[in-house]
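Residue numbers (my numbering), protein chains in the order written: chain V, 1 to 532; chain H, 533 to 929.
Idealized CB from N, CA, C, for every residue including glycine.
Before any comments, here is the structure.
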Amino acid sequence: MSQTTTAPHDTHHDTHYPGGITRWLTTTNHKEIGSMYLIFALIMFFVGGAMILAVRAELFQPGLQLMQPEFFNQLIGIHALIMIFAALMPAATGFANWQIPLMIGAPDMALPRINNLGFWLLPPAAILLTLPFLLAVFGIGDGALNTGWTMYAPLSVQGGIGVDFAIFSIHILGISSILGSINVIVTIFNLRAPGMTMMKLPIFAWGWLITAFLLIATIPVLAGAVTMLLTDRHFGTHFFNAAGGGDPILFQHLFWFFGHPEVYILLLPLWGLMPHVLATFSRKPIYGYKAQVYSFIAIGLLSVVVWAHHFFTAGLPVGALLYFMYSTMAISLPLAVLFFCWIATMWKGAMTFETPMLFAQGFIIMFGVAGLTGLVLADVAADAQYHHSYFVIAHFHFALFAGGIMGVMTGVYYWLPKWTGHMYDEKLGKLHFWLTVISFNLTFMPQFFVGLAGMPRRIPDYALQFTEFNAISTVGSFILGFSQLIFAWVIYKCIKGGEKAEGRVWEGADGLEWELSSPPPLHSWNTPPVVK
Amino acid sequence: MKTTYCFVRHRLLKAWLTLCAALAGTLPTAALADYTWNFPTPVTPIARDTLKIHNEFMIVITILFVVVFAIMVYSMIKHRKSSGHAPAKFTGPTGTVQWIWALVPFGILLFIDFVLMGIPAYHAVIDMEDTKTKADMVLKVTGMQWKWQYEYPESGVKFISTMSTPRDQIANKAEKGEHYLLEVDNEVVLPINKKVRILLTATDVIHTWWVPQFGVKRDGVPGFLREVWVKIEEPGVYRGQCAELCGKDHGFMPIVVRGVPEAEYIAWLDTKKAEQAAASAGSNRTWSKDELMAEGKAVYEKQCVACHQDAGQGLAPVFPALAGSKIVLGPLLSPEGKLIKDSHVDRVLNGKEGTAMQAFKTTLNDTELAAVITYERNAFGNNKGDFIQPAQIKALR
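Written out as C-alpha cells, the structure reads:
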C-alpha cells in the first residue's frame, strides 16, 4: 500500500477548543474520543480486576474468611460484566476510533457526534452497574447483581434491585455499542481513501467491520431478553415462569444468542490486529489476507448459529444437541485458517521480539489452548463433565484474557508510540509481558485440573481436595493483578515523555497510519491519500 | 471476632507454607497423592465412556498443540533478524506443493472434528440421552434452595437431603471434617447394576444435579422435567454438588449417593417406609407443646436456619427476621380454624412467590410443619404461647 499525499499539520484548529473538562465532554475528534475510551477501559480493567482478586483471596483456602456468599455472588457477576462491557469492548472501540480513520485515510469517524455520545454513555452505565454496592453500604437494597453475569431466570427474577440496575446498565451499554458499531460501518463503507477497495482494506478494519455487524445483530436480542426479565420482575408477565406458560430456558436461548457472538465480538478486532503486528515484526507481508477475511466472515456467520452449546446440560432434544455439537466443531475450521495464516506470516520472516510481538506470540499460543479446549467442550457427552466447572472458567479465560486482554495489550504496545509520539519503556514492557504470561498460566492452568476433579464454578467455598490448586491459582492471580500496575506505569510514562518516536515507528510497519507523524496531528488526512 | 481473625491468619500462614513446600517439591508423597489431575474414578458406563473419550481428546489436542506450536517456535528461532535471516515476500501459497501444505492441515482437522471426535461423540450422546430403554427404576430429584428432595415413586419414599457440615466449620471455628461440604443428613441410596432413570425438576430456580463419578450433569428446571440415567457398577459413596448458581447457599447443597447391592437397597427402602409411616401416624395423635418445641427446633435447624439464622434474626435485607416478626406474632388461624392469608401458617405452608421462601407443605410432613410453626412462635423471644397440632395442619392441606 502506498500513498501520494501527507497530511498538512493544521494545529491552528486547536485554538477554537474550549478548555478543561468541557473540551472532553464536547469533543468530536476521533483521537480524543479514542483516548477516552482507552483510559476508561484501563480504569475499569483495574476495577474489575480488584473485584476478582477479592474473590480469589476468599478462595485461597476452604472456609469463608473474607466475605459472605451473597457478596461473593455479586462480585463474580459484576467482575464479568465490567471486564466484558466496560474494559474489553471499550478498549476495542478505542482502537477503532484511533486507528480506523488513520488506517483507511479518513479525516475522522463518519458520525462524530454519535461517537461522542457513544463514549459518554459508558460512565453512567458503569456507575449504574456498581452503584448498588454503595447503596447497600447505606442500607438501600441488597447489593449488586447476584446472579452471575448470565442473569439466568428465575434466579434473576428472584434477585434484588441489583438486577434492575444491571438491566438498565446493559441497555445503556448496548446503545453505546450499537452507536459505535454504526459509526464503524458507515466510516468503513464511505470514508475509505480513493483507491482503497474493500479487498485492500486493512485487516484490522475488516475484523472490526464483522464485529460491528455482529453487535448490531445481537445486542437487540440481549436488550429484549433483559427487558422481558424486567417485565417478569415488575409487571406480572411470565416469559420465564412455567406456571404462567413461560420457560426459564427461553432466557438462556435469548441470552446466548447474544452471548456466543459476543465472544467473537470481543475477539475479531484483535484477530484483525494480529496480522499487522506479526507482519511488522517479521518484516514480511501478511500471509493469506483474503483467506483471513473470508474466515472472519465465516466465523461471524457461524457464531450466530451455535449458541446452545452454552447450555448442553439444560436438557435439549437429541437433535438439537447433535446440531449444536457439530456446528460448534465447525468453527474450528475457519479458526484454523487464522492460526495457519498467523504462523505463515511469521514463517521465513526476519523476526525481532519487541513487546508487541511478544504479546502477539503469547496471544497465539495461549489462545490456541482456548481453541483446543473449546473443541473438546463441544462434545456434548464430555461437556456434561466440563460444564459449570472450573474447566470452563479456565477455558474462557484463555480465550478472553490470553485472547482478549493480551490482544488489547498487543495493540496498546504496538500503537502507543504512534499515539503519544514517544517510545514506551521496552524493558518494562518485556517485564510486564513475562510476568503476565507466567502468572496467567499459574492462575488458570490449575483451574483446568480442579475443574476436571469436579469443582463447580461460582461457589464461595469448596471441598478439601480442591485446596492446593486453588491456593496456587490465588497466588498466580495476585501476581497477575499486581503486574498490571507495570502496564499502567508504562503507559503513563510513555504519555509523559520518552524517546521520540518516528512516523514509521517500527522498521517493518506498513500501512497509511505509519505515513503520518507520531503523534499524528489532531486532524489528519484532511486531504485523502490515494491508494494504488 | 478477634480469635477468628487469628485463626484465619494461622490458616493463611499454613497454606503459604504448604504451597511453598509443594513448589519446592518437598511435600510428602502421601499428601501429593491427594492431587487429582483428571476426572475422578468413573463408576457408571457413561462416566467410563466419558473418561475414555476425554483422555483420547486430550491426547489429540495435545498433539495438535505441540505440532502447530513446534512449527511456530522453530520459525521463531530460525527466522530471526538477529541471525541474519532475510525476510521472504510471499503472501499466500504459490505452486502445487505449497497448496498441498496449506490444505492438508484442514483435511486433518476435518477428519479430527467429524470423524475421530465426531463419531464417538455421536454415540455417546445417543447413549446418554437414552433414559428409557431397559430402565429398572425411577428416582425423582427436586432441587430447591438449598437442598435436594429425593422421591422413589414406586415405593412412595420421599425425603429431603441437606448439607450436614456444621456452620462452625465453614466459619473456620472448628476443624474441617474429611467430607467438608460434601456430606448430607439423608443420603440417597441406589441399587448397583440397575439402570436408574433420574427425573429432575426444581421448585424455585434452576439447580444442576452433578455427581462427577457418574459422568452426568443435568439441570432441574422449575416447571419442567428433565431426565438422565445412571447405572452404578461399584458399591460405594459418591459425592457431588449443585452446579448451577442458585443463590446464597449454592455452594452448600451437596449430593451424596450410596450405591449398595440390591438386597441392602430393599432393606433400606423398607426402613424408610416404616419411618415415614411412623411419622405420618404421629400426626394423628395430640402433641404436647414441649414435644412440638423439641421437634420444631430440629426442623428449624435443618430447614430454616440458612436464611433466618440461629436466633431468628434473619439476614437483612433479603431474609426477614422471625424474632419479633409481625407475621409470626400475628394470629395463628381464623376463629373458625381456617387459614388466614399471608399469616405465619400460610407463609410456611405455601411460601411467598418470587422469593426463596418456598411452600414447605410439599416437602415437610404435618408433624414437622406443626412443630416448626410452634417453635418459631415461641422461640427467639417471641413467646407467643400458642401452638398448632399436626392434625390441624393435615386439615389445612
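Check: Residue interval of the beta strand (DSSP E) (run including M676/H); Outcome: 669-676
Check: Residues from the region 710-727 of chain H in contact with chain V, defined by Cβ distance under 7 Å; Outcome: Y712, L713, L714
Check: Rounded Cβ spacing between L854/H and F784/H (contact assumed at less than 8 Å); Outcome: Between F784/H and L854/H the Cβ distance is about 20 Å, and since that is not below 8 Å, they are no contact.
Check: Chain H contact for F257/V (CB, 9 Å cutoff); Outcome: no
Check: Through-space distance from F359/V to M523/H, alpha-carbon basis; Outcome: Only positions 533 to 929 of chain H appear in this structure, which leaves residue 523/H out of reach.
Check: Continuous alpha helix (DSSP H) assignments of at least 4 residues falling wholly in the region 166-244 of chain V; Outcome: 203-234
Check: Under 9 Å from the C-beta of W742/H: neighbouring residues of chain V; Outcome: T313, A384, Q385, H387, H388, S389, G454, P456
Check: Contact between the region 732-745 of chain H and the region 795-811 of chain H (3+ Cβ pairs under 8 Å); Outcome: no
Check: Any C-beta of chain H under 9 Å from that of F578/V; Outcome: No statement about residue 578/V is possible, as the shown extent of chain V runs from 1 to 532 and does not include it.
Check: Collapsed DSSP secondary structure at G709/H in the structure displayed; Outcome: coil
Check: Cβ of T130/V within 9 Å of any chain H Cβ; Outcome: no
Check: Three or more C-beta pairs below 8 Å linking the region 706-720 of chain H and the region 743-758 of chain H; Outcome: no
Check: C-beta atoms of E515/V and Q99/V nearer than 9 Å; Outcome: no
Check: Residues of the region 62-79 of chain V with Cβ closer than 9 Å to any Cβ of chain H, in chain order; Outcome: P62, G63, L64, Q65, L66, Q68, P69, E70, F72, N73, I76, G77
Check: Beta-carbon gap between G404/V and L270/V smaller than 9 Å; Outcome: yes
Check: Same chain only: Cβ atoms within 7 Å of S295/V, ignoring 5 sequence neighbours per side; Outcome: P334, V337, L338
Check: With 16 other Cβ atoms within 10 Å as the buried cut-off, status of I798/H; Outcome: exposed
Check: Interface residues of the region 148-176 of chain V facing chain H [CB-CB below 7 Å]; Outcome: G148, Y152, P154, L155, V157, Q158, G160
Check: G160/V versus E70/V: straight-line alpha-carbon distance, rounded; Outcome: 11 Å
Check: Residue burial classification, V306/V (beta-carbon count within 10 angstroms, cutoff 16); Outcome: buried
Check: Partner residues on chain V for C778/H, Cβ-Cβ distance less than 8 Å; Outcome: L155
Check: Of the listed residues A891/H, A810/H, N914/H, nearest to K858/H (C-alpha basis); Outcome: N914/H
Check: Same chain, Cβ closer than 7 Å to S517/V, five either side skipped, listed in chain order; Outcome: G503
Check: Simplified DSSP state of L480/V, which is helix, strand or coil; Outcome: helix
Check: Three-state secondary structure assigned by DSSP to L431/V; Outcome: helix
Check: Sequence-distant residues of the same chain with beta carbon closer than 6 Å to A562/H, five excluded per side; Outcome: Bear in mind that a pLDDT of 37 at A562/H, under 50, signals an unreliable position, so the model cannot answer this.
Check: Beta-carbon proximity of A471/V to Q65/V, cut-off 9 Å; Outcome: no
Check: Interface residues of chain V facing G886/H [CB-CB closer than 9 Å]; Outcome: P154, V157, Q158, R233
Check: CA-to-CA distance, A826/H to Q890/H, given in whole angstroms; Outcome: 23 Å
Check: CB contact check: M499/H to chain V, cutoff 9 Å; Outcome: This structure cannot speak to residue 499/H, because chain H is shown only from 533 to 929.
Check: Pairwise C-alpha distance: I249/V and T313/V; Outcome: 11 Å
Check: Contact belief for G349/V with P619/H at Cβ below 8 Å, rounded distance in angstroms; Outcome: 5 Å
Check: Beta-carbon contacts of Y414/V that lie in its chain and below 7 Å, excluding the five residues immediately before and after; Outcome: V277, P356
Check: Spatial distance of F487/V from A212/V (CA atoms); Outcome: 28 Å
Check: Per-residue burial, S820/H [other beta carbons within 10 Å of its own, 16 or more giving buried]; Outcome: exposed
Check: Closer than 9 Å at the beta carbon, the chain H residues around T352/V; Outcome: R612, K613, S614
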